[in-house]
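Enquirer: The structure under discussion is supplied below as structure tokens; questions concerning it will follow.
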Amino acid sequence: MDIVEEMVGTSSAMGAVFDLIRKVATTDMPVLLTGETGTGKELTAQAIHVRSLRKCGPFIPINCGAIPETLLESELFGYERGAFTGAVNQKKGKLEAAAGGTLLLDEVGDLLPALQVKLLRFLQDGTFERVGGQETIRVDARVIAATNVDLKAAIVQNKFREDLYYRLGVLHIHLPPLRERGEDTLLMAMVFLRRAATAAGKHVSSYTLEAVDAMRAYSWPGNVRELSNRVRRAVVMAEGTEITPQELDLAKEDYPAADSLHSLRAAQRRIEVELLVRAISLHHGNLTRVARDLEVSRSTLYRKLHAYGLEKLIPSNTSSSVIAKAKRASAVRPVVL
Numbered sequence: 002m003d004i005v006e007e008m009v010g011t012s013s014a015m016g017a018v019f020d021l022i023r024k025v026a027t028t029d030m031p032v033l034l035t036g037e038t039g040t041g042k043e044l045t046a047q048a049i050h051v052r053s054l055r056k057c058g059p060f061i062p063i064n065c066g067a068i069p070e071t072l073l074e075s076e077l078f079g080y081e082r083g084a085f086t087g088a089v090n091q092k093k094g095k096l097e098a099a100a101g102g103t104l105l106l107d108e109v110g111d112l113l114p115a116l117q118v119k120l121l122r123f124l125q126d127g128t129f130e131r132v133g134g135q136e137t138i139r140v141d142a143r144v145i146a147a148t149n150v151d152l153k154a155a156i157v158q159n160k161f162r163e164d165l166y167y168r169l170g171v172l173h174i175h176l177p178p179l180r181e182r183g184e185d186t187l188l189m190a191m192v193f194l195r196r197a198a199t200a201a202g203k204h205v206s207s208y209t210l211e212a213v214d215a216m217r218a219y220s221w222p223g224n225v226r227e228l229s230n231r232v233r234r235a236v237v238m239a240e241g242t243e244i245t246p247q248e249l250d251l252a253k254e255d256y257p258a259a260d261s262l263h264s265l266r267a268a269q270r271r272i273e274v275e276l277l278v279r280a281i282s283l284h285h286g287n288l289t290r291v292a293r294d295l296e297v298s299r300s301t302l303y304r305k306l307h308a309y310g311l312e313k314l315i316p317s318n319t320s321s322s323v324i325a326k327a328k329r330a331s332a333v334r335p336v337v338l
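Counting from 2, one number per residue, gives the positions in the sequence shown under our numbering.
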């Protein structure tokens, strides 16, 4: 599957993110991705890479927070033979491995001050030395950095260099938390369900209405990653063809009231998308029954699915000519359910 297709969302918040991805992919400048844990920063970095002129080059991620401080410099910049005990051979680091492509520095806020200086130099002139080496290495690699911490606060606390922040943040994309993405939660839940059911070889195709209500109301502190993990677990635990709140491990005390509506248009959009997703889940993807239940024609249903970017929910056996007609019709006029 194309990595861009992995990104699911029709909310206005994600629409802005997709627009920024398209724009920054055409440049070679550093990008800073911010957002809570689980919001999809690495996936966003991959989407930028595959849309860029470097798409044929490597995409090399390194998690700065998951590697011991004593090893991070050699992992990132490489080392020369004899640089330290156990360095019996020269080794290239992640930065050299990313030559011609993209390097993702995940959790960049965890870099020690000395490594921040070394990274700043690379961003300025594209050069560095391996650990224990004297030779200056020049590498052509784009840097994308990601963090879930407030780097501006880290600057005030003297934990992060201000000049490095401005070098990394030439282009900035903030990934919104799932609780701010409205209708995206149910859409992603359906997509994750199909993937998980296929992988597990189980005939689980929808959610109960109680499960839909639970997902809609839950605040999702772990964001997209938590949603994906809960759905995968639920598929394994499922007794029937529908996922229940219990199988999602969502007790009533877990979900506080949903956020308030911001405008009439936003409210209408959210309600329509939720109605569509719930009906498709209830009728196991049978769009004839969905249309009958919502009291709209099939052509109107297809137009709404296309208008809200819900084509992923259309069963694979649906006639391509019918879908094509719906797309042409949706370009002519909007239809309100």
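Virtual Cβ for every residue (Gly too), placed ideally from N, Cα, C.
What are the boundary residues of the alpha helix (DSSP H) that includes R168?
Expert: Here the alpha helix (DSSP H) through R168 covers 163-169.
Enquirer: If you follow the alpha helix (DSSP H) that D151 is part of, which residue opens it and which one closes it?
Expert: No alpha helix (DSSP H) holds D151; DSSP gives it neither H nor E.
Enquirer: Just curious, the beta strand (DSSP E) that T35 is in, first and last residue?
Expert: From DSSP, the beta strand (DSSP E) with T35 extends over 32-35.
Enquirer: Check whether the Cβ of D126 lies closer than 7 angstroms to any heavy atom of the ligand GTP, and answer yes or no.
Expert: The ligand GTP is not among the ligands present in this structure, which contains no ligands whatsoever.
Enquirer: What residue range does the beta strand (DSSP E) around L172 cover?
Expert: Counting along the chain, the beta strand (DSSP E) containing L172 begins and ends at 172-175.
Enquirer: Just mark M216 as buried or exposed, buried being the case when its beta carbon has 16 or more other beta carbons within 10 Å.
Expert: Result: buried.
Enquirer: With distances taken between CB atoms, is the gap from T148 to E181 smaller than 8 angstroms?
Expert: No, the Cβ-Cβ distance between T148 and E181 is not below 8 angstroms.
Enquirer: Can you give me the C-alpha to C-alpha distance between Q158 and G41, rounded to a whole angstrom?
Expert: C-alpha separation (whole angstroms): 27 angstroms.
Enquirer: If you count every other CB in all the chains shown that lies within 10 Å of the CB of N90, and 16 or more means buried, which is it?
Expert: The residue is exposed, with fewer than 16 neighbouring Cβ atoms inside 10 Å.
Enquirer: Alpha carbon to alpha carbon, how far is I138 from V144?
Expert: Roughly 16 angstroms between the two C-alpha positions.
Enquirer: Taking 6 angstroms as the limit between beta carbons, can you name the residues of its chain near R271, skipping five residues before and five after?
Expert: Within the same chain, R271 has close Cβ partners G183, E184.
Enquirer: Quick check: what's the CA-CA separation for R82 versus L73?
Expert: C-alpha separation (whole angstroms): 17 angstroms.
Enquirer: If you reduce the DSSP assignment to three classes, tell me which class S298 lands in.
Expert: S298: coil per DSSP, three-state reduction.
Enquirer: Could you tell me if L251 is buried or exposed, where buried requires 16 or more neighbouring beta carbons within 10 angstroms of its beta carbon?
Expert: It is buried - the Cβ of L251 has at least 16 other Cβ atoms within 10 Å.
Enquirer: Since D214 is in the alpha helix (DSSP H), which residue starts that stretch and which ends it?
Expert: Per DSSP, D214 belongs to the alpha helix (DSSP H) from 210-218.
Enquirer: For A17, count neighbouring C-beta atoms within 10 Å of its own C-beta (all shown protein chains included) and say buried if the count is 16 or more, exposed if not.
Expert: So A17 counts as exposed.
Enquirer: Tell me the residue span of the alpha helix (DSSP H) that contains N64.
Expert: No alpha helix (DSSP H) holds N64; the beta strand (DSSP E) holding it covers 60-64.
Enquirer: For T11, which residues of its own chain have a beta-carbon under 8 angstroms away from its beta-carbon, when the five flanking residues on both sides are left out?
Expert: The residues are E184, D185, L188, V274, Y309, G310, L311.
Enquirer: Can you name the residues that DSSP bridges to S207?
Expert: S207 pairs with E243.
Enquirer: In three-state terms, what does DSSP make of T71?
Expert: Residue state, collapsed to three classes: helix.
Enquirer: Apart from the five residues on each side of it in sequence, which residues of its chain come closer than 6 angstroms, Cβ to Cβ, to L172?
Expert: These residues qualify, in order along the chain: V25, M30, V32.
Enquirer: Indicate the three-state DSSP secondary structure (helix, strand or coil) for A146 in the structure shown.
Expert: Note: A146 maps to strand in three-state DSSP.
Enquirer: Would A235 be called buried (16 or more neighbouring beta carbons within 10 Å of its own) or exposed?
Expert: The residue in question, A235, is buried, as its Cβ has 16 or more Cβ neighbours within 10 Å.
Enquirer: Mark Y208 as exposed unless 16 or more other C-beta atoms lie within 10 angstroms of its C-beta, in which case mark it buried.
Expert: Buried is the call here.
Enquirer: Grouping DSSP H, G and I as helix and E and B as strand, with all else coil, what is K95?
Expert: The answer is helix: DSSP assigns K95 an H, G or I state.
Enquirer: Cβ atoms of I244 and L194: under 8 angstroms apart, would you say?
Expert: Their beta carbons are under 8 angstroms apart, which means L194 touches I244 by this criterion.
Enquirer: Span of the alpha helix (DSSP H) holding T45?
Expert: First-last of the alpha helix (DSSP H) with T45: 42-52.
Enquirer: On a CA-only basis, which of N64, A115, D141, G170 is nearest K153? Give me that one, please.
Expert: The shortest Cα separation from K153 among N64, A115, D141, G170 belongs to G170.
Enquirer: Is the segment 290-303 touching the segment 41-54, taking contact as three or more C-beta pairs under 8 angstroms?
Expert: Output reads no: the segment 41-54 does not touch the segment 290-303.
Enquirer: By alpha-carbon positions, which one of L249, L228, L295, E240 ends up nearest to E211?
Expert: Out of L249, L228, L295, E240, L249 has the C-alpha closest to the C-alpha of E211.
Enquirer: Measuring alpha carbon to alpha carbon, tell me which residue in D20, S282, I68, S53 is nearest A190.
Expert: Comparing Cα-Cα distances from A190 to each of D20, S282, I68, S53, the minimum goes to S282.
Enquirer: Can F60 and G102 be called in contact, C-beta distance under 8 angstroms?
Expert: Closer than 8 angstroms, so yes.
Enquirer: Under 8 angstroms Cβ to Cβ from E76, same chain only, skipping five residues before and after it: list those, please.
Expert: Excluding positions up to five away in sequence, the list reads I63, I68, G94, K95.
Enquirer: What would DSSP say about F129, mapped onto helix, strand or coil?
Expert: In this structure, F129 counts as strand in the three-state DSSP scheme.
Enquirer: Could you have a look at R82 and say whether DSSP puts it in helix, strand or coil?
Expert: Looking at R82 - three-state DSSP - the assignment turns out to be coil, as it is neither helix nor strand.
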